[in-house]
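So the sequences go chain by chain: D and C.
Just so we're aligned: the first sequence equals residues 21 to 339 in this note's numbering.
Just so we're aligned: the second sequence equals residues 21 to 339 in this note's numbering.
Each remark here refers to the structure printed beneath this line.
Protein chains: 2
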Amino acid sequence: MAVYTEVTDEALAAFLTLYDIGRVVAFRGIAEGVENSNYALKTTQGDFILTLYEKRVNTADLPWFLGLMEHLAAKGLSCPLPVRGLDGKNLNILAERVAAITTFLPGVWPRRVQAAHCEPLGTALAQLHVDGANFSPTRENALGPSGWRPLLEKSLPRANEILPGLGAELAAAMENILAAWPQDLPRGHIHADLFPDNVFFLDGKISGLIDFYFAATDIYAYDIAICLNAWCFERDFSFNVTKSQALLRGYQAHRALSSAERAALPVLARGAALRFLLTRLYDWLNTPAGALVTPKDPMDYLRRLRFHLSAESEAAYGL
Amino acid sequence: MAVYTEVTDEALAAFLTLYDIGRVVAFRGIAEGVENSNYALKTTQGDFILTLYEKRVNTADLPWFLGLMEHLAAKGLSCPLPVRGLDGKNLNILAERVAAITTFLPGVWPRRVQAAHCEPLGTALAQLHVDGANFSPTRENALGPSGWRPLLEKSLPRANEILPGLGAELAAAMENILAAWPQDLPRGHIHADLFPDNVFFLDGKISGLIDFYFAATDIYAYDIAICLNAWCFERDFSFNVTKSQALLRGYQAHRALSSAERAALPVLARGAALRFLLTRLYDWLNTPAGALVTPKDPMDYLRRLRFHLSAESEAAYGL
Numbered sequence: 021m022a023v024y025t026e027v028t029d030e031a032l033a034a035f036l037t038l039y040d041i042g043r044v045v046a047f048r049g050i051a052e053g054v055e056n057s058n059y060a061l062k063t064t065q066g067d068f069i070l071t072l073y074e075k076r077v078n079t080a081d082l083p084w085f086l087g088l089m090e091h092l093a094a095k096g097l098s099c100p101l102p103v104r105g106l107d108g109k110n111l112n113i114l115a116e117r118v119a120a121i122t123t124f125l126p127g128v129w130p131r132r133v134q135a136a137h138c139e140p141l142g143t144a145l146a147q148l149h150v151d152g153a154n155f156s157p158t159r160e161n162a163l164g165p166s167g168w169r170p171l172l173e174k175s176l177p178r179a180n181e182i183l184p185g186l187g188a189e190l191a192a193a194m195e196n197i198l199a200a201w202p203q204d205l206p207r208g209h210i211h212a213d214l215f216p217d218n219v220f221f222l223d224g225k226i227s228g229l230i231d232f233y234f235a236a237t238d239i240y241a242y243d244i245a246i247c248l249n250a251w252c253f254e255r256d257f258s259f260n261v262t263k264s265q266a267l268l269r270g271y272q273a274h275r276a277l278s279s280a281e282r283a284a285l286p287v288l289a290r291g292a293a294l295r296f297l298l299t300r301l302y303d304w305l306n307t308p309a310g311a312l313v314t315p316k317d318p319m320d321y322l323r324r325l326r327f328h329l330s331a332e333s334e335a336a337y338g339l
Numbered sequence: 021m022a023v024y025t026e027v028t029d030e031a032l033a034a035f036l037t038l039y040d041i042g043r044v045v046a047f048r049g050i051a052e053g054v055e056n057s058n059y060a061l062k063t064t065q066g067d068f069i070l071t072l073y074e075k076r077v078n079t080a081d082l083p084w085f086l087g088l089m090e091h092l093a094a095k096g097l098s099c100p101l102p103v104r105g106l107d108g109k110n111l112n113i114l115a116e117r118v119a120a121i122t123t124f125l126p127g128v129w130p131r132r133v134q135a136a137h138c139e140p141l142g143t144a145l146a147q148l149h150v151d152g153a154n155f156s157p158t159r160e161n162a163l164g165p166s167g168w169r170p171l172l173e174k175s176l177p178r179a180n181e182i183l184p185g186l187g188a189e190l191a192a193a194m195e196n197i198l199a200a201w202p203q204d205l206p207r208g209h210i211h212a213d214l215f216p217d218n219v220f221f222l223d224g225k226i227s228g229l230i231d232f233y234f235a236a237t238d239i240y241a242y243d244i245a246i247c248l249n250a251w252c253f254e255r256d257f258s259f260n261v262t263k264s265q266a267l268l269r270g271y272q273a274h275r276a277l278s279s280a281e282r283a284a285l286p287v288l289a290r291g292a293a294l295r296f297l298l299t300r301l302y303d304w305l306n307t308p309a310g311a312l313v314t315p316k317d318p319m320d321y322l323r324r325l326r327f328h329l330s331a332e333s334e335a336a337y338g339l
């Protein structure tokens, strides 16, 4: 939860002259979001979000992210639509950062996930996959399987500080997962970070999906596996199969899964748990004291990983 | 910058039934604010701020703070107006916290203070003092002179960890300031925390004052002294007398200072610097690593204090 970069009122006013969205009425930093600085911007023409991209985002990827958002919005998916400036550009410079203005989406993200959230979530995820299919540029998933080994190697020397034996456990799990990783499943553009705080609901329906800055071209069912990790565990790390059934039912209402995709769910779910475990482990070991963002406990994902390692088939997820 | 308490969508929806402000449309944590949790709340009827009071606020003081805000708003000062529920109460319980909804104020707080901000700031401060005069309940300033000795004593054992000799320097300055503290200056309700992030501007004019949760009944000119500290130093801790002159000119355009008030400015400014130094020192020594809020460097206020100790008369502030 952080705003990393402050924007002076003069710089903001000058920035807004690049756009046809009126003059500033209010400007507040938003607490949500850990990678970039986000501001709620109210102008004489309405509400917008201003995002300043911080150092963890490769600015070379931004045109792809924003292009995907424009493509999905044009298809009718409710996601932030980048606002183009008077010169047609959707990216400009503000406070020495690359910055974009996007439309404001209504809704509230669910602080406590209920089973009733999971079916519409699944449908929205399938819509994203289907609607994204004819966006032709691709982006490799830097946090996909090929990224795990270098990530683990950076943390291995200190992993046992967190839990004795953790390094060996993760290395063994990673080899197991990589050896079984499916090669021929349907692929396309995935969100890759569709956690509850990136999904807005209004009156029980999904009103918007946000934060496409981990999106990539990868296995569709891996995106489902990420959601199984992010939405279907309780606070005590027990797995709620009612939620996973609802999620998969909602997904398949819009895009049916093949038998190969269904059978791959356990290994995909293990991989998804490992992916978040590895980035959290790295952040946990490398975030300086006093940083603006509190690192998330990597152990939460070790518990998820162990569950998925115990899953013998898709039946563990209610299929 | 933090949201300490998460509010579930169910709890928020239930809370809003206590008010006649419509249904929730959007709900985002605000990054600004270090004491309480603040949310930007958009309903079908407009924009509001939802505040959950956290542990540093004494809830017994809240009716006084909100009463003062209602009083000032009724006088025409632009400050958050607490919204009363259907039962007439302006405080309710949400997520196990005392909570209030207030009106949303337009404007942007100045990230980089310019001299042009300081004259309207001074006028707004004088308006606050004059408008507050016939609000009869009072509140003792817990962070006024009587609070400094116990605060310093809590930090003395470790003050020298920050700077060798700091403890002795602060103890000597405190005795000096307390001995010279004025006893008969005009008193009333003061804001006591009118830093730039609590003052919104729009088109060069002040559009709102916020965050009355340190307000108290104390010496009016002490409030000016707090603003001299908060608004008139440059980033290199040099004192900008053009800014202080503008601030004092703006103030006196609405409320003239007596010769006793003017003569007391150096000691009041020393006291104000000491007050923020002491709370920051305490937080610096006592904030656990990984806390949501990064403590502010107490040394910034040592430099201010040293400037004020060198000020021989009100001439140092441009009077």
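Ideal Cβ positions, reconstructed from N, Cα and C, are used throughout, including at glycine.
On a CA-only basis, which of D/G66, D/A331, D/I230, D/L222 is nearest D/E52? Give me that one, please. The shortest C-alpha separation from D/E52 is found at D/I230.
Exposed or buried, C/E281, counting other C-beta atoms within 10 Å across all chains shown (16 or more means buried)? C/E281 comes out buried.
With 7 Å set as the bound, which would you pick, yes or no: does the beta-carbon of C/R48 sit closer than that to a beta-carbon of chain D? So yes, C/R48 belongs to the interface.
Take C/N78 as the anchor and find which of C/T123, C/A283, C/F234 has the nearest alpha-carbon. That would be C/F234, whose Cα lies nearest to the Cα of C/N78.
Going by DSSP, which residues form a beta bridge with C/L237? In the sequence under discussion, the amino acid at residue 237 of chain C is Thr, which differs from the Leu named in the question. Answer by DSSP bridge pairing, in chain order: C/E160, C/H209.
Between the alpha carbons of C/D107 and C/F155, how many angstroms are there, rounded? Straight-line spacing of the CA atoms in C/D107 and C/F155 works out to 23 Å.
Beta-carbon proximity check, C/L297 vs C/Y321, cutoff 7 Å: Taking the C-beta atoms as reference points, C/Y321 is found nearer than 7 Å to C/L297.
Which chain D residues sit within Cβ distance under 7 Å of C/T28? Taking a Cβ-Cβ cut-off of 7 Å, the neighbours of C/T28 in chain D comprise R131, R132, given in sequence order.
I need the straight-line Cα distance from D/Y337 to D/A266, nearest angstrom please. In this structure, the straight-line span from the alpha carbon of D/Y337 to that of D/A266 is close to 10 Å.
Taking Cβ positions only, does C/E52 come closer than 7 Å to chain D? Closer than 7 Å: yes.
Use the C-beta contact count for C/D67: other C-beta atoms within 10 angstroms, 16 or more gives buried, fewer gives exposed. Burial is judged here by how many other beta carbons sit within 10 angstroms of a residue's own beta carbon; C/D67 has at least 16 and is buried.
Could you spell out the range, first to last residue, of the alpha helix (DSSP H) harbouring C/V261? Per DSSP, C/V261 belongs to the alpha helix (DSSP H) from 261-274.
Looking at the structure shown, is C/F35 part of a helix, part of a strand, or coil, going by DSSP? Three-state DSSP puts C/F35 in a helix.
Can you tell me where the alpha helix (DSSP H) holding D/T299 begins and where it ends? Segment 285-306, the alpha helix (DSSP H) holding D/T299.
Taking only beta-carbon atoms, is D/A60 less than 7 Å away from chain C? So, interface residue.
Kindly indicate which residue of D/E173, D/P165, D/L301 has the alpha-carbon position closest to the one of D/A292. If we check each option's Cα against that of D/A292, D/P165 comes out closest.
Let me check understanding here. Comparing Cα to Cα, which of D/D151, D/R323, D/L248, D/Y242 lies closest to D/E90? For the options D/D151, D/R323, D/L248, D/Y242, the alpha carbon positioned closest to that of D/E90 is the one of D/D151.
Count the other C-beta atoms from every protein chain shown that fall within 10 angstroms of the C-beta of C/S333, then say buried if there are 16 or more, exposed otherwise. Answer is exposed; the Cβ neighbour count stays below 16.
Is C/L305 closer than 7 Å to C/R178 when the C-beta atoms are compared? The answer is yes: Cβ separation under 7 Å.
Beta-carbon neighbours of C/L32, restricted to chain D and to distances below 8 Å: What C/L32 touches in chain D: V128.
Could you confirm whether any beta carbon from chain C is found closer than 7 Å to the beta carbon of D/V103? Cβ-Cβ to chain C under 7 Å: no for D/V103.
Counterpart residues of C/T79 in DSSP-defined beta bridges: The partner list for C/T79 (beta bridge, DSSP) is empty, contrary to what the question assumes.
Outcome for D/D29 when other beta-carbon atoms lying within 10 angstroms are tallied against a minimum of 16: Counting the other CB atoms within 10 Å of its CB gives D/D29 a total of 16 or more, which places it among the buried residues.
Mind listing which residues of the segment 238-263 of chain D have their C-beta closer than 9 Å to chain C's C-betas, in chain order? Those residues of the segment 238-263 of chain D that come within reach of chain C (Cβ to Cβ, closer than 9 Å) do not exist; the list is empty.
Under the three-state DSSP convention, the category D/A60 falls into: It is a strand residue.
According to the Cβ coordinates, are D/N249 and D/R132 closer than 7 Å? No.
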